[in-house]
Amino acid sequence: MSADTDPYFQRLLALAAEQEEPSTGEDPEIALGLEPRLVDGFAPPDVRVADEHLPGPHGPVPVRIYQPHGARAGRPVLVWCHGGAFAFGDIDMPEADATARTIAVLADALVVSVDYRRAVHGVHHPVPLDDVVAAYTWATRLAGASGTPHRRIHLGGASAGAALAAGACLRVRDAGGHLPSSLLLLYPCVHPVLPAASDELAAKLHRLPAHMRYEAGMFEAVIENYLGAPSASAPGEAMPAVADLRGLPRTLVFNCEYDALRASGEEFALALRLAGVNVDLRTAPGVAHGHLNRPHLAEAQRTLAAMSRWIEED
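Here is the structure:
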C-alpha cells in the first residue's frame with residue numbers, strides 16, 4: 013500500500029492482510045465479521061443523549077437524540093441513518109454514535125439517529141424506509157417545537173443509510189411535505205446494480221486485500237436481500253439512482269477513495285446535477301468504504317468537520 017493512504021488505515025490494512033481471510037465473495041456477513049478486529053478505541057465527545065420510541069407504521073421506531081450540554085433554542089437538526097448493507101449495524105456503531113456525538117458538538121446541532129428495522133427475518137423494503145420517514149416527520153415536529161425553522165433541518169446517512177435518507181427525501185417530496193434543507197450522503201449505495209469502476213478506481217481497488225473489496229456478486233446479494241426481489245425491480249425510493257431527482261435539496265456527496273461504491277456516488281452526483289440539484293461532490297482521500305466507522309482516522313475527523321460546516325451553512 014502506497015503512502016497516499018491514511019497512515020492509520022495502512023496499519024489496519026497490514027493487520028487485515030495478516031489474517032489471510034477468504035474473499036468476501038457474495039457473502040456480506042464475511043466482510044462484516046471482520047469489523048470487530050478493526051475497532052480503534054476512539055472516545056467520542058460527551059453530549060446529552062436520550063433514547064425515544066416514535067410511532068411508525070410497523071410499530072415503534074427507536075431513535076437516539078444527541079445534543080450539546082446546555083439549553084439553546086433553534087439548533088439545527090440532523091436526522092441520521094447508519095449503514096450496514098440494510099441488514100446489519102445499529103445506533104451503537106461508530107458510524108452512528110461517534111458521528112452523532114461529533115456533529116452535535118462541532119455544528120452545535122441536535123442529531124436524531126434512527127434505529128430503523130433491518131432487512132432480516134423477512135423484513136424488506138419499504139419497511140426500513142418507512143421507519144426513516146416516520147423519524148424524519150417526527151423530527152420536523154420536534155424542531156418546530158424547539159424553535160428550529162424547517163430550513164435548518166437536514167437528513168443524511170452513510171452507505172445503505174444514505175439510500176434510506178435519499179429515499180425518504182424523495183417520498184417527502186412526492187407527498188408535498190417539508191423537504192430538508194439539505195441531504196448529506198456518505199459513500200452512498202443508491203444503485204440497484206453497481207456501476208463499473210473507472211480504470212483509476214479499479215487499479216486502486218486491486219491494491220486492497222480481497223476481503224476488503226465489495227465485489228459485484230456481494231453487492232447484488234445486498235440489494236436483493238433489501239428488496240426481497242431482483243435488483244432490476246427496484247423502485248426509485250428504494251434505489252434513488254433510478255428515481256426522478258428533480259426538486260431535491262442541496263446535497264453533499266462524500267465518497268471514499270478506495271471504495272467500489274465511489275462509482276455509485278460519482279454517478280449519483282452527476283445525475284443530481286443534471287436534475288438541477290445543487291451538489292457538492294467530495295472524496296475522502298486514502299480511505300476505504302465506511303471510514304466513519306474508524307473515527308480515530310484523521311480523514312474521518314476531517315469528514316465530520318466538513319459535514320458540520322455544511323450544516324452550519326444553512
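Final position of the sequence shown in my numbering is 326; the numbers increase by one with none missing. Backbone N, C-alpha and C fix where the C-beta goes; we use that ideal spot for every residue, glycine too. Nothing here was measured: the structure is a model prediction, and the numbers come from that model.
query	result
By DSSP's criteria, L198 is part of a beta bridge. Which residues make up the other side?	A170, F266
Is A87 near T160, with beta carbons less than 8 Å apart?	Reading off the sequence, residue 87 comes out as Arg, not Ala. Yes, Cβ-Cβ distance for R87 and T160 is below 8 Å.
For V348 versus I165, is the C-beta distance shorter than 8 Å?	Not covered by the structure: residue 348. The range shown for the chain is 13 to 326.
Return helix, strand or coil for V73, following the three-state DSSP convention.	strand
Identify whether T295 lies in helix, strand or coil by the three-state DSSP scheme.	strand
Less than 8 Å between the C-beta atoms of V202 and S243, yes or no?	no
Check this for me: beta carbons of P247 and A110, under 8 Å apart or not?	no
State the DSSP-derived secondary structure class of H136, mapped to helix, strand or coil.	coil
Applying the 10 Å Cβ sphere with the 16-neighbour rule, what's the burial state of R153?	exposed
Near R84, which residues of its chain fall below 8 Å by C-beta distance, leaving aside the five closest residues on each side in sequence?	D120
To the nearest angstrom, how far is it from the Cα of F231 to the Cα of G82?	43 Å
Among D143, A157, G134, which residue has its Cα nearest to the Cα of C181?	D143
Assign A284 to one of two classes, buried (16 or more other C-beta atoms within 10 Å of its C-beta) or exposed (fewer than that).	Ala is not the amino acid found at residue 284; the sequence shown has Leu there. Answer is buried; the Cβ neighbour count reaches 16.
Taking 8 Å as the cut-off, does the segment 186-194 touch the segment 211-222 (at least 3 CB pairs, one atom from each stretch)?	no
For the beta strand (DSSP E) containing S320, list its first residue and its last residue.	Here S320 belongs to no beta strand (DSSP E); instead the alpha helix (DSSP H) covers 310-324.
Between which residues of its own chain and D326 is the CB-CB distance below 8 Å, once the five residues before and five after are set aside?	P88, R163, R164, H166, S193, S194
Which same chain residues, not among the five before or five after P40, have their C-beta less than 6 Å away from its C-beta?	No answer about P40 holds up, because its pLDDT of 43 lies below 50 and its placement is not dependable.
So for P60, helix, strand or coil by DSSP?	Here residue 60 is Arg; the residue named in the question, Pro, does not match the sequence. In this structure, R60 counts as strand in the three-state DSSP scheme.
Identify the residues that DSSP records as bridge partners of V289: which are they?	In the DSSP output, where bridge partners are listed per residue, V289 has none listed.
Closer than 8 Å by C-beta to A317: which residues in its own chain qualify, once you throw out the five before and the five after it? Chain order, please.	L118
Can you give me the Cβ contacts of P56 inside the same chain, cut-off strictly under 7 Å, excluding the 5 residues immediately before and after it?	D109, A110, R113, T114, P307
Can you look up S193 in the DSSP assignment and give me helix, strand or coil?	coil
Go ahead and label A333 buried or exposed: buried means 16 or more other beta carbons lie within 10 angstroms of its beta carbon, across all protein chains shown.	Any question about residue 333 goes unanswered here, given that the chain covers just 13 to 326.
Based on Cα-Cα distance, which residue from P138, L239, V91 lies nearest to G168?	V91
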